[in-house]
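Engineer: Right, I'll just put the structure down here and ask away after.
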Amino acid sequence: MVDLHLPGTLPPLFVDLPRRLDVEGATVLEAIDRLEERWPGLRDRLCEAGPSLRPHIHVYVDGERAGLDTELGGARRIDVIAAISGG
Amino acid sequence: MSKAMVLVGTRKGLFILESDGDRRDWNVRGPYCEGWPIYHAVHDAETGAIYAAAASEWHGASVWRSNDLGETWEQSSEGLSYDDGTQKLSKVSGLTVAHGRILAGAENAGIFESRDGAKTWSVLSTLEGMPGRENWNDPANQPPGHLGLPAVLPHPDDASRFWAVVQGIGIFETTDDGKSFTPRNKGLRADWPLEDPTVGYCVHKLVMSPVDNQRLYQQNHVGMHRSDDMGNQWVEITEGLPTEFGFAAAAHPHDRDTFYVIPLDPGHGRTMPDGKAAVWRTRDAGSTWQRLDRGLPQQDAHLGVLREGMAIDREDTPGLYFGTSTGQVFASTDEGDSWDEIASYLPAISSVEVTVTA
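Chains as they are written, first to last, in my numbering: chain P, 15 to 101; chain Z, -7 to 350.
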């Protein structure tokens, strides 16, 4: 299980989605897909066609910049960040 | 008592302006849709639902829906993608509710359909085979703020017939529900070279007279135009207007010859000429135009109005509404003769739609 932290912009979009939860998965994409099973549509808010991460969504695994194919073996924490941008 | 509702899409969410049927005193509700940029919001008179096309810089394109006039909202983009994954969908630019379904125009250029109240979508057409289609999604052909396919104009009686507007390319008509299309740009002007004279026109807003479906009007990048045969042939009706450029347009609900536009400076500023706000009206199908400015600011009013920024209701004496790039909404309840500012400090406005219910 990995400790997943989501950006504050996501919970208002999905019923009962917390900012922080435990997930399973071999890769970041698999972890996102686990969320998709419980909150349909969530993957589309983080990923675009390909799939690839949306341009202003950044993922860190144990503090290191990660991609969808980053493996989670032994990882303790995932941070999904909505980039500080806009105005 | 009847109720008027104006849906205002802005760069920072959707707002709802409400009044009773006299349309004099207005309350503002919102922002809704989590502050996502709203490109176009519409009300479905059949179901009472509100739909809002949005695209978050972070979370992508989606369509929000409310079945309780804005009290609660959900969003979905299920099916809002191109099947092969090679074309991206950056935004849903325009929504049309007609004949029991919702049509969404998107960028990259395509038309999506929903038959379950915006819960799920499927591609209806990407207008393959139209002249130059292979270049439509070339980034070199996509200016800032590209909207792709920003509008679909439905035929009021024939569900399989509609007109699609492709930004910078022109109008395309289908009579078989999107299986095939025909360019409908004959008679339009282009002040730039055209490889194929059937396409390459910059149509900003296309409207149909509710009392004469043969009669279409359009605000074009270069001029106002009218068609008396459902778009088969266009004639220019710009003479008498201060500029040939603008985005918004509205057709009178009861008079086929009355049509409203908001001319803008054609340069990159694209605001009302000389800082004086005005709507222009023709009552003779474009032969003559009247400047309508009573109640509108006439000094230092550098207001812009985008293509979905003006709406007209269907009351006996119809009300007109327009929203500006600086967040004001102006309304007229006397067919444009005089105006009141009914909202003053909203975010930059992308779209205005109105509905009056019994």
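We put the CB at the ideal spot given by N, CA and C, even for glycine.
How would you write the range of the beta strand (DSSP E) that aspartate 17 of chain P sits in, first residue to last?
Structural biologist: Where aspartate 17 of chain P is concerned, the enclosing beta strand (DSSP E) stretches over 16 to 19.
Engineer: Do tyrosine 209 of chain Z and phenylalanine 239 of chain Z count as a contact pair if the criterion is CB distance below 8 Å?
Structural biologist: Contact flag unset, no.
Engineer: For aspartate 52 of chain P, does the three-state DSSP call read helix, strand or coil?
Structural biologist: In the sequence as presented, aspartate is not what sits at residue 52 of chain P; that position holds arginine. Helix at arginine 52 of chain P.
Engineer: Listed from N- to C-terminal order along the chain, which residues in the region 40 to 68 of chain Z have their beta-carbon within a distance smaller than 8 Å of any beta-carbon of chain P?
Structural biologist: Within the region 40 to 68 of chain Z, the residues whose Cβ lies closer than 8 Å to some Cβ of chain P are Ser48, Glu49, Trp50, His51, Gly52, Ser54, Gln67, Ser68, listed in chain order.
Engineer: Going by DSSP in three states, leucine 27 of chain P sits in which element: helix, strand or coil?
Structural biologist: In this structure, leucine 27 of chain P counts as helix in the three-state DSSP scheme.
Engineer: According to DSSP, is arginine 93 of chain Z part of a helix, a strand, or is it coil?
Structural biologist: Residue state, collapsed to three classes: strand.
Engineer: Report the residues of the region 27 to 39 of chain P with a CB closer than 8 Å to any CB of chain Z, ordered along the chain.
Structural biologist: Those would be Leu27, in chain order.
Engineer: Residues of chain B with a CB under 9 Å from the CB of serine 106 of chain Z: which are they?
Structural biologist: Among the chains of the structure shown, chain B does not appear; the protein chains present are P and Z.
Engineer: Does the beta-carbon distance from leucine 20 of chain P to valine 37 of chain P come in below 8 Å?
Structural biologist: Result no, Cβ atoms of leucine 20 of chain P and valine 37 of chain P do not sit closer than 8 Å.
Engineer: Would valine -2 of chain Z and valine 346 of chain Z be called neighbours here (beta carbons separated by less than 8 Å)?
Structural biologist: Yes. Within cutoff.
Engineer: What separation, rounded to the nearest whole angstrom, lies between the Cα atoms of serine 11 of chain Z and arginine 273 of chain Z?
Structural biologist: One C-alpha to the other measures close to 25 Å.
Engineer: Measure the Cβ-Cβ separation of proline 255 of chain Z and isoleucine 304 of chain Z and say whether it is below 8 Å.
Structural biologist: Taking 8 Å as the Cβ cut-off, proline 255 of chain Z and isoleucine 304 of chain Z do not qualify as a contacting pair.
Engineer: Quick one, which residues of the region 49 to 60 of chain P are near chain Z if we go by CB-CB under 7 Å, in chain order?
Structural biologist: Of all residues in the region 49 to 60 of chain P, Gly55, Asp58, Arg59 have a Cβ within less than 7 Å of some Cβ in chain Z.
Engineer: Kindly say whether lysine 80 of chain Z, judged by its beta-carbon, lies nearer than 8 Å to any beta-carbon of chain P.
Structural biologist: Judged by the 8 Å Cβ criterion, lysine 80 of chain Z is in contact with chain P.
Engineer: Is glycine 86 of chain Z closer than 8 Å to glycine 97 of chain Z when the C-beta atoms are compared?
Structural biologist: Their beta carbons are under 8 Å apart, which means glycine 97 of chain Z touches glycine 86 of chain Z by this criterion.
Engineer: Which value, in whole angstroms, describes the spacing of the CA atoms of histidine 35 of chain Z and isoleucine 94 of chain Z?
Structural biologist: If you take the alpha carbons of histidine 35 of chain Z and isoleucine 94 of chain Z, they lie about 11 Å apart.
Engineer: Identify the contact partners of isoleucine 71 of chain P in chain Z, using a Cβ-Cβ distance below 7 Å as the criterion.
Structural biologist: Trp50, listed in chain order.
Engineer: Nearest chain P C-beta to serine 114 of chain Z closer than 8 Å, yes or no?
Structural biologist: No, no contact with chain P.
Engineer: Is glycine 22 of chain P buried or exposed, if buried means 16 or more other CB atoms sit within 10 Å of its CB?
Structural biologist: Exposed is the call here.
Engineer: Can you find the residues in the same chain that come closer than 8 Å, C-beta to C-beta, to isoleucine 95 of chain P, ignoring five residues on each side of it along the sequence?
Structural biologist: Excluding positions up to five away in sequence, the list reads Pro21, Ile71, His72, Val73, Tyr74.
Engineer: From what residue to what residue does the beta strand (DSSP E) around isoleucine 352 of chain Z run?
Structural biologist: Nothing in the structure corresponds to residue 352 of chain Z, since chain Z is present only between -7 and 350.
Engineer: Identify the continuous beta strand (DSSP E) that holds aspartate 36 of chain P and give its terminal residues.
Structural biologist: Segment 34 to 37, the beta strand (DSSP E) holding aspartate 36 of chain P.
Engineer: For phenylalanine 104 of chain Z, report the span of its beta strand (DSSP E) as first-last.
Structural biologist: Looking at the DSSP string, the run of the beta strand (DSSP E) that includes phenylalanine 104 of chain Z is 102 to 106.
Engineer: Measuring only the C-alpha atoms, how far is valine 84 of chain Z from glycine 170 of chain Z?
Structural biologist: The alpha-carbon atoms of valine 84 of chain Z and glycine 170 of chain Z are separated by roughly 18 Å.
Engineer: Output the distance between the C-alpha atoms of glutamate 49 of chain Z and aspartate 249 of chain Z, rounded to the nearest integer angstrom.
Structural biologist: Approximately 42 Å, taken between the alpha carbons.
Engineer: Using a beta-carbon distance below 8 Å, is threonine 41 of chain P in contact with chain Z?
Structural biologist: False, the Cβ-Cβ gap to chain Z never drops below 8 Å.
Engineer: Measuring alpha carbon to alpha carbon, tell me which of Z/Gly261, Z/Ala242, Z/Val158 ends up nearest glycine 328 of chain Z.
Structural biologist: That would be Z/Ala242, whose Cα lies nearest to the Cα of glycine 328 of chain Z.
Engineer: Who are the Cβ neighbours of isoleucine 163 of chain Z in its own chain at under 8 Å, not counting the five residues just before and after it?
Structural biologist: Closer than 8 Å at the Cβ level, and outside the excluded window around isoleucine 163 of chain Z, lie Trp155, Ala156, Val157, Pro175, Arg176, Asn177, Tyr193, Val195, Leu198, Gln210, Gly223.
Engineer: Distance, Cα to Cα, leucine 31 of chain P vs glutamate 51 of chain P?
Structural biologist: Distance between the alpha carbons of leucine 31 of chain P and glutamate 51 of chain P: 12 Å.
Engineer: From the DSSP output, read off the bridge partner residues of histidine 72 of chain P.
Structural biologist: Histidine 72 of chain P pairs with P/Ile95.
Engineer: Exposed or buried, which one is isoleucine 334 of chain Z when buried takes at least 16 other CB atoms within 10 Å?
Structural biologist: With 16 or more other Cβ atoms within 10 Å, it is buried.
Engineer: Could you pull the start and end residues of the beta strand (DSSP E) that tyrosine 252 of chain Z belongs to?
Structural biologist: Tyrosine 252 of chain Z -> beta strand (DSSP E) spans 251 to 256.
Engineer: Mind listing which residues of the region 167 to 197 of chain Z have their C-beta closer than 8 Å to chain P's C-betas, in chain order?
Structural biologist: For the region 167 to 197 of chain Z, which is checked against every Cβ of chain P, not one residue is closer than 8 Å.
Engineer: Can you confirm whether threonine 84 of chain P, when its beta carbon is compared against all beta carbons of chain Z, has any partner nearer than 8 Å?
Structural biologist: Not closer than 8 Å to any Cβ of chain Z, the Cβ of threonine 84 of chain P fails to qualify, so no.
Engineer: So glutamate 231 of chain Z contacts chain P; which residues on that side make the cut at Cβ distance below 8 Å?
Structural biologist: Near glutamate 231 of chain Z there are no residues of chain P at all, since even the closest Cβ is about 41 Å away, more than 8 Å.
Engineer: Quick one: which chain P residues come within Cβ less than 8 Å of serine 342 of chain Z?
Structural biologist: Those within 8 Å of serine 342 of chain Z in chain P number zero; the least Cβ separation is about 16 Å.
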